[in-house]
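Protein chains in written order, with our numbering: chain A, 404 to 945; chain B, 300 to 803. Just so it is clear, CB atoms sit at the ideal spot from N, CA and C, and this is done for glycine as well. Just so we're clear, the structure is a prediction, and the values are computed from it rather than from any experiment.
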């Protein structure tokens, strides 16, 4: 039984994760995003009443799924549709996720994953545990069927509809009835073993009929099982008058012997019961084989959708909400009111969005004064891109971008104080790793790269590396203070009527007010250095 | 030959009993132990003693050779191999029987064992009959076997056991376990068991049958026994008859067959080894044993070395030799690591295998009869040196040189290496003279080139070097010389005076 909610045709995540996912998570601050998706907001009268503690499993799952990009619009749409269903049927997704978690927890309690320990244990204990697991399966699968068939559940996505149809086929009512009837027939084996059964004035006894022959050592051979059933009877204390009467009546069966009076025979009666029950249990286990990984998979895949639903609620809480992005050509990028989600989540405020429209650009160079929101701009694109590429919604009015299966980030990490010595070395080493891994559909986000050396030297390095990568077809967005570099590129392209390079800066009105619109802007030759000089030292001759 | 059904051996025509040889050094010196140990892996430890039992006359050699010729043929070989496999199966049945406590099961297992035993011989007889036996030994055995199978014999017993087993297997009964009792009635269910049929229907696929839960215990368990007792009550005449058959045939094994079973492994083990080696590309041939012709061999190789090389893939060099008219001893000289010891061993192996009646590892060979093989190899790993080592060598040599050791085949490998050259020459010459005087033949490997001179019965052989001064492992007649064995190594590393001049 396949779940196939993450991909139309596969259960496990694609093996192609982002190169250096750890850097992407760190530089884009995605940890906060994983955390937010793992928290349930409890609303009351439209207000957030409380926030549940985060679910570790959802966090881990979001991390895994988000770091494994999809590579086609179809795949993205497939998940977007399921997210829409999930938002509309939040209770279904939540219940599926919780039931699976509960099954797995109980199953672990019954010894799943501790096979070695269990194998050493008493076979009777093992068989009893197996029967309990079967009960757990049948009951939980029954609950899942009820959920999927509930009247108020309306599913329209291809993925959810297919999952429901396949499940109803795999675990039909008829199948459930069969499983339950066999489990009832062998209930003599486990009933009475639980503490709650003690004290009840009733025991469950078996009736077994089989045909046998003899093999050449006079042992039983070629058995045929005719009947197995369990029947409750009143419990009488051994030795009591009623017990004796019943024993006497029973003993009048011709050509028979007692299975309780001789200890050798009674021990072996237990072996016989064990043999027959384990035979039936093995057959039932085979019937359940297709569900052995079902709960793990369903839990894993619903965790992502539940995470998406919860993330959506978080976004709504922050402000205007979200949209499903659309896919366009890789050289285009267009968005309206795109917000840096992580910053919003972290600060619990509605952040101000950026709007931007780029057509047929391969290199975007963002310059401008500090505090202008350059890095935020870059990060908001990075975050949206990662979210889009795993099927999630983004926090914007609209967002349209190409698919980049290979996203690389190269952010200067000022906070890594231990790397003070040889920081350029470390930077170039990371760049080397990126260069080794670029390929078709690569997007490189550079944030203040090569700022660990002089501006002049850094500019040369940046020019060489960025030119080469651009010529190799890598789409690059860079936020930089390397003005020599930016100027050099600008001088080269300013005469051309059509250019694939865009220079942006955060717009400021003349009164200094920020519009948070990225506008085309010629890079300056000077930056904050002079300003700073002026601020601290005083006048400077130009 | 007069057939004595109780006194027959496939190893010698007189059915002599024998004591295996004491631990004789030549098995180890000639690396025959390696060969025998290899065979023991498959055929068990017991067979080893038969290799310690050498024929005492040319007639015995001929008797074995004829038997081996029969046994190595495909038909007889396959027949006997499958026969020994059947016997091994019966040994397992015997071992199982010992675990049984319940008398009726013991009877049945005994009958099963007797049946399997008789059938193994029935099959053996049938297949040997069709195999076209030639040797006196095998033909005699077959006629003894026919008598034993004949009227009132194994054939009838086999039929009776088959009938009993068939009846046991056809017995069907229904067990009902309910209300703390189990009841048994003879009869069969309709169909394959209603519950199993239901499972199969519901699961939509074939399911396996219920196994006997008591299968892990080969003996009858309490429940099985209680059921069996009810069955015995219901079918008394059958179970009584079964018991009687078992009791009447308690001593079913015939001594003469037992002896054959043990002894035939001697031939089978070597035939198997030979087949394996042949399929790996090594040649064997049946030796001639003509005393009137020269003793010689072509393409002779060291069987133990060849065995090892099957896995290592190293090439094994074969050599020819011939003792000319009046020649009795080879004195073999040559460089170290030149194949001298290997050649000496292969010569000893040749004589041994030919005497044992087997084929030999050579393209062709004529081997004379020798009443014994004597070897003397220096103990290289001995901690003794100087006087101690010489003493040890001489102590081993003395019993070999007693006057009653006539006409033997002698292999000597490096004597007196620690003695003074002058002494060693004299002692060596004496040893040679002694053995030649007692009518022995053999080979003497030595560093002393002088030993090859001065006796008309002594032939000088040399291990040869190629043009590149690297040993070829070929042994040829030639004048003994002191060969510089270091030259090859020096050449190989370009360290001669000229080479060094060029390089430096």
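{"Asked": "Proximity to residue 557 of chain A [Cα-Cα], best of A:569, A:494, A:890", "Found": "A:494"}
{"Asked": "Start-to-end residues for the alpha helix (DSSP H) that takes in residue 666 of chain A", "Found": "666-691"}
{"Asked": "Contact between the segment 395-408 of chain B and the segment 614-627 of chain A (3+ Cβ pairs under 8 Å)", "Found": "yes"}
{"Asked": "Helix, strand or coil at residue 893 of chain A according to DSSP, with G and I counted as helix", "Found": "helix"}
{"Asked": "Close Cβ partners of residue 821 of chain A (< 8 Å) along its chain, the five nearest in sequence each way excluded", "Found": "In this prediction, residue 821 of chain A has a pLDDT of 39, which is less than 50 and means its spatial position is unreliable; what the coordinates show is noted afterwards. Same-chain partners within the cutoff: there are none."}
{"Asked": "3-residue-minimum beta strand (DSSP E) runs that sit fully inside the segment 548-599 of chain B, ordered along the chain", "Found": "595-599"}
{"Asked": "Residue interval of the beta strand (DSSP E) (run including residue 621 of chain B)", "Found": "618-621"}
{"Asked": "Beta bridge counterpart(s) of residue 609 of chain A as assigned by DSSP", "Found": "A:633"}
{"Asked": "Cβ-based burial, residue 794 of chain A [other Cβ within 10 Å; buried from 16]", "Found": "buried"}
{"Asked": "Contact with chain B by residue 658 of chain A, beta-carbon distance below 8 Å", "Found": "yes"}
{"Asked": "Backbone CA spacing between residue 334 of chain B and residue 643 of chain B [nearest angstrom]", "Found": "16 Å"}
{"Asked": "Residues within the segment 650-672 of chain B neighbouring chain A, beta-carbon criterion of under 7 Å", "Found": "none"}
{"Asked": "Collapsed DSSP secondary structure at residue 790 of chain A in the structure displayed", "Found": "helix"}
{"Asked": "DSSP-derived helix/strand/coil call for residue 829 of chain A", "Found": "helix"}
{"Asked": "Best match in B:502, B:419, B:617, B:467 for proximity to residue 580 of chain B [C-alpha to C-alpha]", "Found": "B:617"}
{"Asked": "Sequence-distant residues of its chain with Cβ nearer than 6 Å to residue 683 of chain B (five each side left out)", "Found": "Confidence in residue 683 of chain B is poor, its pLDDT being 47 and thus under 50, which makes the residue's placement too unreliable to answer from."}
{"Asked": "C-beta neighbour in chain B for residue 610 of chain A, strict 8 Å", "Found": "yes"}
{"Asked": "Within-8 Å CB hit, residue 730 of chain A to chain B", "Found": "no"}
{"Asked": "Touch test, the segment 371-385 of chain B against the segment 589-608 of chain B, Cβ-Cβ under 8 Å, three pairs minimum", "Found": "no"}
{"Asked": "Residue 666 of chain A versus residue 574 of chain A: straight-line alpha-carbon distance, rounded", "Found": "43 Å"}
{"Asked": "Residue 807 of chain A and residue 733 of chain A closer than 8 Å at C-beta", "Found": "yes"}
{"Asked": "Beta-carbon gap between residue 353 of chain B and residue 329 of chain B smaller than 8 Å", "Found": "no"}
{"Asked": "Reduced DSSP category for residue 770 of chain B - H, G, I as helix; E, B as strand; rest coil", "Found": "strand"}
{"Asked": "Per-residue DSSP class, three states only, for residue 850 of chain A", "Found": "strand"}
{"Asked": "Contact belief for residue 421 of chain B with residue 457 of chain B at Cβ below 8 Å, rounded distance in angstroms", "Found": "6 Å"}
{"Asked": "Residues of the segment 657-685 of chain A with Cβ closer than 8 Å to any Cβ of chain B, in chain order", "Found": "657, 658, 659, 660, 661, 662, 663, 665, 667, 668, 670, 671, 672, 674, 675, 677, 678, 679, 682, 683"}
{"Asked": "Beta-carbon gap between residue 499 of chain A and residue 701 of chain A smaller than 8 Å", "Found": "yes"}
{"Asked": "Short Cβ contact (8 Å threshold) for residue 458 of chain A with residue 814 of chain A", "Found": "no"}
{"Asked": "Inter-residue Cα distance where the pair is residue 896 of chain A and residue 705 of chain A", "Found": "50 Å"}
{"Asked": "Proximity to residue 366 of chain B [Cα-Cα], best of B:651, B:434, B:425", "Found": "B:434"}
{"Asked": "Three-state secondary structure (DSSP) of residue 661 of chain B", "Found": "coil"}
{"Asked": "Residue range of the unbroken beta strand (DSSP E) whose run includes residue 538 of chain A", "Found": "Premise fails: residue 538 of chain A lies in the alpha helix (DSSP H), 526-552, not in any beta strand (DSSP E)."}
{"Asked": "CB contact flag (residue 706 of chain B, residue 669 of chain B, <8 Å)", "Found": "yes"}
{"Asked": "Under 7 Å by beta carbon: chain A residues contacting residue 493 of chain B", "Found": "629, 630"}
{"Asked": "Given residue 619 of chain B as reference, the closest of B:390, B:723, B:649, B:701 once Cα atoms are compared", "Found": "B:649"}
{"Asked": "Contacts around residue 404 of chain A, its chain only, beta-carbon distance under 8 Å, and the 5 residues preceding and following it disregarded", "Found": "569, 570, 573, 574, 693, 694, 697"}
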